[in-house]
Structures are given as structure tokens and as C-alpha cells.
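Trainee:
Number of protein chains: 2
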Amino acid sequence: MEPALHPDVEALARLLGRWSGEGEGHYPTIEPFAYREEISFGHVGKPFLAYRQATVRVDTGMPAHAEMGYLRGTGPGRVELVMAHPTGVAEVAEGTVDATPDGLTLRLRSTSVTGTPTAKDVRSIERSLTVEGDTLHYDLSMAAVGQPHQHHLHAELHRLDEAS
Amino acid sequence: MEPALHPDVEALARLLGRWSGEGEGHYPTIEPFAYREEISFGHVGKPFLAYRQATVRVDTGMPAHAEMGYLRGTGPGRVELVMAHPTGVAEVAEGTVDATPDGLTLRLRSTSVTGTPTAKDVRSIERSLTVEGDTLHYDLSMAAVGQPHQHHLHAELHRLDEAS
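Protein sequences, first through last, are from chains Y and Z.
Counting in our numbering, the first sequence runs from 1 upward without gaps.
Counting in our numbering, the second sequence runs from 165 upward without gaps.
1. When the distance is taken between beta carbons, is R178 of chain Z closer than 8 Å to G267 of chain Z?
2. Strictly by DSSP, which residues pair up with M232 of chain Z?
3. Give the interface partners of Y167 of chain Y over in chain Z, defined as CB-CB distance under 7 Å, in chain order.
4. Any C-beta of chain Z sitting closer than 8 Å to the C-beta of V145 of chain Y?
5. Using a C-beta cutoff of 8 Å, does S112 of chain Y count as contacting chain Z?
6. Starting from Q147 of chain Y, follow its DSSP beta bridges and name the residues at the other end.
7. Between T280 of chain Z and the ligand GDP, is there a pair consisting of the residue's CB and a ligand heavy atom that are separated by less than 7 Å?
8. Would you identify the three-state DSSP class for D139 of chain Y, choosing helix, strand or coil?
9. I need the straight-line Cα distance from S141 of chain Y to V253 of chain Z, nearest angstrom please.
10. By alpha-carbon positions, which one of Y:P63, Y:L12, Y:E126 and Y:D98 ends up nearest to H43 of chain Y?
11. D223 of chain Z by DSSP, collapsed to three states: which one?
12. In the structure shown, what three-state DSSP assignment does A327 of chain Z receive?
13. Bridge partners of R242 of chain Z, per DSSP?
14. Quick one: residues in its chain with C-beta nearer than 6 Å to the C-beta of A198 of chain Z, no 5 flanking neighbours on either side, listed in chain order?
15. Taking 8 Å as the threshold (beta carbon to beta carbon), is S328 of chain Z in contact with chain Y?
16. A136 of chain Y: which of Y:V122, Y:T114 and Y:D161 sits nearest, CA to CA?
17. Between which two residues does the beta strand (DSSP E) containing L106 of chain Y stretch?
18. In terms of DSSP beta bridges, what is R200 of chain Z paired with?
19. Grouping DSSP H, G and I as helix and E and B as strand, with all else coil, what is A177 of chain Z?
20. On the three-pair Cβ rule with 8 Å, is the stretch 255-272 of chain Z touching the stretch 232-242 of chain Z?
21. Within 10 Å of its beta-carbon, does A319 of chain Z have 16 or more other beta-carbons around it, so buried, or fewer, so exposed?
22. So the beta strand (DSSP E) T130 of chain Y belongs to, where does it begin and stop?
23. Among the residues of its own chain, which have a CB less than 6 Å from the CB of D139 of chain Y, if the five just before and after it don't count?
24. Do Y215 of chain Z and G241 of chain Z come within 8 Å of each other at the CB atom, strictly closer than that value?
25. Going by beta-carbon coordinates alone, are H85 of chain Y and V246 of chain Z separated by less than 8 Å?
26. With 8 Å as the limit, tell me which residues of the stretch 191-211 of chain Z have their beta carbon closer than that to any beta carbon of chain Y; keep them in chain order.
27. Consider the Cβ of A254 of chain Z: report whether some Cβ of chain Y lies at a distance smaller than 8 Å.
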């Protein structure tokens, strides 16, 4: 039986389900690139959503980035993020969730970015994510590999199915 | 098409697939408890395994803990872990992988445990995990909620299917 959504994550309900789309990345240290992406948000009736994401390069079809973690509802308009990256990076962030006429906007800023000894050098990450109807788009900026904090990713995805 | 396993995680190949079993937890601040658990390890041809885990309480059948993250192969006998917990905790660990006659043993010790402002207070985590044939067992110890580092979890799981 499907558990009821926990009240602390009701404001995030429009994220639930699977999303598919495309994005573009750029950074001073790499060539610009395009990617296809799939994202899912699920819940088990507790005050968090489980998030998973994976991308493949448009040019090669090969797996590119992936990440997974949890969004925590922590009070009216507040949200926290805990994310594991296969690059060896652990991202902890907090921010806001705002209702929009037919969706929501999350704004998250890292409070700590830690890593394994061989991890990619990432210092800060900021994310904004908006759902409007059945469209999800996000931007991600970061300070990494000695570069100042700057825009890195933009993507737009569309809903594949309803909340699961 | 199934990608080939990356050479850097070949030593972890026996983890791949799905595992199911039961475990027991104890800690000075809580009543002892028993749980059912499912674990999966997957790969996409890159030098890491993706790990997911979820437990339900034996007494109530309700979702208990969950966690997900990545194991990184970083050199002969070396492994790193990056893990997100829905309790708001991000765990970064490193350790060793040792081949056994028909399996392997991982020993991991946290190098950083960070958290969101409302996270559970966890200071250190140590994990040992052994695969022997189609059996996986692990122990986890931690320092949390003001208590000294001590044993917390033991579980034994059995293989549900082959590597996927």
C-alpha cells in the first residue's frame, strides 16, 4: 500500500515521480557538453524524499554524472539536502521552497562540501530547481578545481509518470 | 548492453546484485530492535559501485533506516565511500578491501561526518562488510548523540540475484 506523504514534505509533492530531459554544462576547465538526464523523487511516508539522477553524454551515449541523496522537509518553506556524488564528494545544503501558481521553486546553498582523499575538488554548490506543471528545470553553480563560484549546468526535464 | 566492470572496482565484483536479510541494532539511547533489509550494488562501467539500502522494522513492518551512496575503487586494496543518510548526515570514509577464498572483506572508517542543521548528531562511523559465497554480513559502529564510539548494527543477508 502506498504510504501517505509526510506533512513535512507536502510542499515538495510536485517533485514526486520520474523526469527525463536534456541539459548543457560548461566550466572554464572543460569543453561545453550536452547531456540527457533522468531524475526520480520517491518517498516512504517519512519526512524526506529520496532523489536519484543519472546523465549520459549526448555525443557518446556514455554515462556521465550521477548523484543521489535526500531532500528533507524541515519546516515551513525550509528544505535541506544531503547528496552523495560518485566523484567522492558529499554535499550538504539548506535552503528554501516556495510555492508557485502551478509548481514550486527550491533554492539550495551548500553549507559543507566534503570529499574522500581522491575526490574531485569542489568547494561550494548552489542549486535552483523549479517545477512548472509537468516541466522541471534547474541550474547548478559551483566553485571547483580552483575556479571561482560560477554557473555550471542548466537542464529542462519533463514528467514521465505520476508520483510513485 | 551491460557495460564491462571498470578494472578499479573488479575487487568489489562479488558485491554486485541484490541482497536480502535481517539485522539487529542496539545503542545506549534506544531499545534494541530487529530489522529486515534489502541492499543493492550496481555499476555503469565507471570506477565506482552505486549502493542503496533500506530497512523495515520487524515488529511494525514500517520503513526504518535507509541510505545510499557510492563505493569508489581507488587503488589496489583501497576503497572509498560517500554516503547520504536521510537523517541529514553525509558520511565520507576510506578503507581497505581484502580478497578472501570465496569473497571479500571491506573495512571502512569515516574521515568526515557532516550534517544539515537539523541532522542527527553523528561523529564517526566504522563499517566492516564481508561476502562469503552468497552470504553478506556487516557490522557498523558509531559515535552519535553524545555517546562514545561503539557497536550499533549487525546483519546477515543472502544474494537475491546475480550482478545486474
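For each residue, glycine too, the CB sits at the ideal point set by N, CA and C.
Mentor: Taking the geometry as given:
1. yes
2. Z:R216 and Z:A248
3. A question about residue 167 of chain Y goes unanswered here, because the residues of chain Y that appear run from 1 up to 164.
4. no
5. yes
6. Answer by DSSP bridge pairing: none, since Q147 of chain Y is not bridged.
7. In the structure shown, the ligand GDP is absent, as is every other ligand, since no ligand is present at all.
8. strand
9. 22 Å
10. Y:L12
11. coil
12. Here A327 of chain Z scores only 47 on pLDDT, less than 50, and its place in the model should not be relied on; the value that follows carries that caveat. Here A327 of chain Z sits in coil by DSSP.
13. Z:G239 and Z:T260
14. E188 and V222
15. Confidence at S328 of chain Z is low in this model, with a pLDDT of 44, below 50, so its placement is unreliable and no value can be given for it.
16. One detail in the question is off: residue 136 of chain Y reads as Leu in this sequence, not Ala. Comparing Cα positions, the closest option is Y:D161.
17. G103 to G115
18. Z:E186 and Z:V220
19. helix
20. yes
21. buried
22. V122 to E132
23. S128 and H154
24. no
25. yes
26. V208, G209 and K210
27. yes
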